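Protein sequences appear in the order of chains C and G. Just add 44 to wherever you are in the first sequence, counting from 1, and you've got the working numbering. Just add 44 to wherever you are in the second sequence, counting from 1, and you've got the working numbering. Working notes, beginning with the structure itself.
2 protein chains.
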Amino acid sequence: MKYETESSLTAAVTAQFAKTPDPRLREILLALTSHLHAFARETALTIEEWSQGIEFITRTGHMCQGGRQEFILLSDVLGLSMLVDAIEHRTQSSATDSTVLGPFFVDDAPTRLNGADIGAGLAGDLLLVTAAVTGTDGQPLADADVVVWQCDEHGRYDIQYPGRDGYFLRGRFRTDARGLVQFWSIVPPAYPIPDDGPVGDLLTASGRHPWRPAHVHFHIAAAGHRSLVTHLFVAGEDYLDSDVVFGVKPSLIVDLVPHGPGTAPDGRVCPNGWKSLDHPFQLAAL
Amino acid sequence: MKYETESSLTAAVTAQFAKTPDPRLREILLALTSHLHAFARETALTIEEWSQGIEFITRTGHMCQGGRQEFILLSDVLGLSMLVDAIEHRTQSSATDSTVLGPFFVDDAPTRLNGADIGAGLAGDLLLVTAAVTGTDGQPLADADVVVWQCDEHGRYDIQYPGRDGYFLRGRFRTDARGLVQFWSIVPPAYPIPDDGPVGDLLTASGRHPWRPAHVHFHIAAAGHRSLVTHLFVAGEDYLDSDVVFGVKPSLIVDLVPHGPGTAPDGRVCPNGWKSLDHPFQLAAL
Chain C
45 MKYETESSLT
55 AAVTAQFAKT
65 PDPRLREILL
75 ALTSHLHAFA
85 RETALTIEEW
95 SQGIEFITRT
105 GHMCQGGRQE
115 FILLSDVLGL
125 SMLVDAIEHR
135 TQSSATDSTV
145 LGPFFVDDAP
155 TRLNGADIGA
165 GLAGDLLLVT
175 AAVTGTDGQP
185 LADADVVVWQ
195 CDEHGRYDIQ
205 YPGRDGYFLR
215 GRFRTDARGL
225 VQFWSIVPPA
235 YPIPDDGPVG
245 DLLTASGRHP
255 WRPAHVHFHI
265 AAAGHRSLVT
275 HLFVAGEDYL
285 DSDVVFGVKP
295 SLIVDLVPHG
305 PGTAPDGRVC
315 PNGWKSLDHP
325 FQLAAL
Chain G
45 MKYETESSLT
55 AAVTAQFAKT
65 PDPRLREILL
75 ALTSHLHAFA
85 RETALTIEEW
95 SQGIEFITRT
105 GHMCQGGRQE
115 FILLSDVLGL
125 SMLVDAIEHR
135 TQSSATDSTV
145 LGPFFVDDAP
155 TRLNGADIGA
165 GLAGDLLLVT
175 AAVTGTDGQP
185 LADADVVVWQ
195 CDEHGRYDIQ
205 YPGRDGYFLR
215 GRFRTDARGL
225 VQFWSIVPPA
235 YPIPDDGPVG
245 DLLTASGRHP
255 WRPAHVHFHI
265 AAAGHRSLVT
275 HLFVAGEDYL
285 DSDVVFGVKP
295 SLIVDLVPHG
305 PGTAPDGRVC
315 PNGWKSLDHP
325 FQLAAL
């Protein structure tokens, strides 16, 4: 008859999971059990604290509705997302650095043509983005899939507005024969991650701020190459050294070039001037 | 400028949490971060597997509705609930052994008087339960609060029926001057934990069955004493040696005494006989 004592319990649970047919799932479940139990033992977790944990994680689950993915936020602020990204990119490469996907990516961003303005009608300083997509050998990659997304001047993404009509500041482009994508947008501000839920409560309780430095997201996929998920961060702005999700890498911090009133290279008349951002992206071959 | 590499990332996250004002929360967050990161590193968790994990935990959160608490189920099948219970009861004591609370406890069980039938009108073999509540010194504890709950003949608890009218097979009693609680119920069967959600999928994928051996739950609180959360398991029944939540302890396995057709001690006429369960509960003084 089984009586699992504190010392025998972990072995009893791992003995059950040791029967898992899939070897990779078995490996993950055994490691999960052993670290979860070690965490509880080391902290001498009380039943009251366990209850608070159950309540926290349940609230986190209930917060995942519509455009809100609170578990990705939780993974982000715990550094898990960046760690998994780092593990996936352990191999040395001259490819562009990756960073977190974040909770605001969507699968069905609207298709846009080169030259489109994804911020049309929105307030903000005009920004002309030119992305040059190549392999690590420098050869241009034509017909690559480039999804971009960013926040508006209030620091919010389209999917954070419950009553919105369609997407904005988001688009799916294809590189031309020279491997180029070009589009108009606005200069993004820094923003706090959504902090009115359990993750915000966690940050408050731990004395951490909820801010991310200003950035534009890129998800780039080209035939025969490893997909790239990354951001470009705006140089000189706040929170570059304290990103709440630990996502900043120096190679991803870029200068915006200011331009006075006049006509942009594509013929757009900009009475208040504009800024431009030109950046190369190198994708590793598969 | 920060560029967190795989090796520096954990230190960067713990440096952020090290500012947590509350020392106990700080200790828990630092241990959580370090074990979560070690788990990801050891398994070399991929982004695809991380995504599956996010999806799993999000589905688990969405499953927590009404009478369903999927995160407690998850904690139970991972052995975490029993481990936390064991940690909380590290001190040696002659008190009755504890076991998991489980996901079917409710705060507002209906008040019942001694002698009540919490299974009135339900199918099943009649069971007369007599609980004697004392301190570890053997002195009866009068006016103790005794909450009991169990499943019906289909292996389901009242709160698992969406359209139910009120509670059944559940009640809040008070011990009399002799420290006794007595009530009628039915003999509970073994039952599978709810396995139509993510936790059921996990059990299936790991080749584990979802069954718990037959039992009655008790939550006993008396002034000046440590509260007791426990079960009594029915001797000789299935799954005593493979409880899916690892909750069985030998001291909690009890024999039911069968009685032929006739009149029970409290005067109830039982044409088909009845079974009786008498058990002492010792509570540790605070």
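Glycine included, every Cβ here is placed at the ideal spot set by N, Cα and C. Computed from a predicted structure; not experimentally measured.
Short Cβ contact (8 Å threshold) for residue i with residue j
i, j, result
"P147(C)", "I116(C)", "yes"
"P233(C)", "G244(C)", "no"
"A186(C)", "G159(C)", "no"
"A56(C)", "G123(G)", "yes"
"L74(G)", "T58(G)", "yes"
"Q326(G)", "S95(G)", "no"
Selected residue, minimal CA-CA separation from residue i, among the options
i, options, result
"T87(G)", "H106(C), V128(C), I91(C), S119(C)", "V128(C)"
"A175(G)", "V190(G), D161(G), L53(G), R112(G)", "V190(G)"
"I91(C)", "M126(G), A75(G), Q109(G), G105(G)", "M126(G)"
"L172(C)", "L213(C), T155(C), P206(C)", "L213(C)"
"H275(G)", "V292(G), Y283(G), D285(G)", "V292(G)"
"A279(G)", "L89(G), V231(G), D151(G), Y205(G)", "V231(G)"
"F61(G)", "V289(C), P309(C), H323(C)", "V289(C)"
"P236(C)", "I264(C), L247(C), S229(C), W228(C)", "L247(C)"
"A130(C)", "S286(G), T54(G), Q194(G), R156(G)", "T54(G)"
"P67(C)", "I264(G), A249(G), S138(G)", "A249(G)"
"Q226(G)", "H259(G), V177(G), R252(G)", "V177(G)"
"P305(C)", "T49(C), L170(C), D287(C)", "L170(C)"
"T140(C)", "G165(C), R200(C), Y283(C), I297(C)", "I297(C)"
"G215(C)", "P206(C), Y205(C), Y201(C)", "Y201(C)"
"G268(C)", "F277(C), D285(C), P184(C)", "P184(C)"
"G110(G)", "H303(G), I203(G), G311(G), E281(G)", "I203(G)"
"C195(G)", "V260(G), G311(G), R85(G)", "V260(G)"
"G241(G)", "E99(G), G311(G), I72(G), A84(G)", "E99(G)"
Residue i to residue j span [Cα, whole Å]
i, j, result
"S320(C)", "D181(C)", "26 Å"
"D239(G)", "M107(G)", "11 Å"
"A266(G)", "L272(G)", "9 Å"
"A167(G)", "N316(G)", "13 Å"
"A329(G)", "A153(G)", "25 Å"
"S51(C)", "F217(G)", "35 Å"
"D220(C)", "L76(C)", "46 Å"
"V313(G)", "S295(G)", "32 Å"
"I264(C)", "A188(C)", "7 Å"
"M45(C)", "E114(C)", "Any reading at M45(C) needs caution, since the residue's pLDDT is 40, under 50, leaving its predicted position unreliable; the model's value is listed next. Going by the C-alpha atoms only, they are around 42 Å apart."
"W193(G)", "V150(G)", "9 Å"
"A258(C)", "S119(G)", "39 Å"
"E93(G)", "A82(G)", "16 Å"
"K63(G)", "R70(G)", "8 Å"
"R208(G)", "P324(G)", "33 Å"
"T307(G)", "S229(G)", "16 Å"
"I162(G)", "F262(G)", "14 Å"
"R256(C)", "T49(G)", "18 Å"
"L89(G)", "V144(C)", "15 Å"
"G156(G)", "A164(G)", "Residue identity differs from the one stated: residue 156(G) is Arg in this sequence, not Gly. If you take the alpha carbons of R156(G) and A164(G), they lie about 12 Å apart."
"S286(C)", "R252(C)", "10 Å"
"P65(C)", "S78(G)", "29 Å"
"A84(C)", "R134(G)", "13 Å"
Within chain C, partners of residue i - CB distance below 7 Å
i, result
"L80(G)", "L122, L124"
"F115(G)", "I98, I101, T102"
Where residue i meets chain G, residues with beta-carbon distance less than 9 Å
i, result
"R134(C)", "E50, A88"
"L276(C)", "By Cβ distance, chain G contributes nothing, its closest Cβ being about 14 Å from L276(C), past 9 Å."
Chain G contact residues for residue i, given Cβ-Cβ distances below 8 Å
i, result
"A56(C)", "G123, F290"
"S119(C)", "W94, I98"
"I264(C)", "What I264(C) touches in chain G: nothing, since even the nearest Cβ is about 15 Å away."
"A75(C)", "F83, E86, T87"
Under 9 Å from the C-beta of residue i: neighbouring residues of chain C
i, result
"T64(G)", "A249, S250, G251, R252"
"V128(G)", "A84, L89, T90, I91, E93, W94"
"H106(G)", "G105, H106, C108, Q109"
"F212(G)", "Ordered by position in chain C, no residue passes the 9 Å Cβ test against F212(G), which lies about 25 Å from the chain."
"L53(G)", "G123, M126, L127, A130, F290"
Cross-chain neighbours of residue i in chain C, by beta carbon under 8 Å
i, result
"L69(G)", "A249, S250"
"F61(G)", "S250, R252"
Contacts that residue i makes with chain G (C-beta to C-beta distance below 7 Å)
i, result
"L157(C)", "Per Cβ cutoff of 7 Å: no residues; L157(C) is ~30 Å from chain G at best."
Chain-ordered chain B contacts of residue i [CB-CB under 7 Å]
i, result
"I162(C)", "Checking the listed chains, one finds no chain B in this structure; the protein chains it contains are C and G."
Problem - Positions along the stretch 224-239 of chain G whose CB lies within less than 9 Å of some CB in chain C - result: none
Handout entry: Interface positions of the stretch 196-210 of chain G facing chain C (Cβ-Cβ less than 9 Å), listed along the chain
Key = none
Problem - Residues in the stretch 317-328 of chain C having any Cβ partner in chain G nearer than 9 Å - result: none
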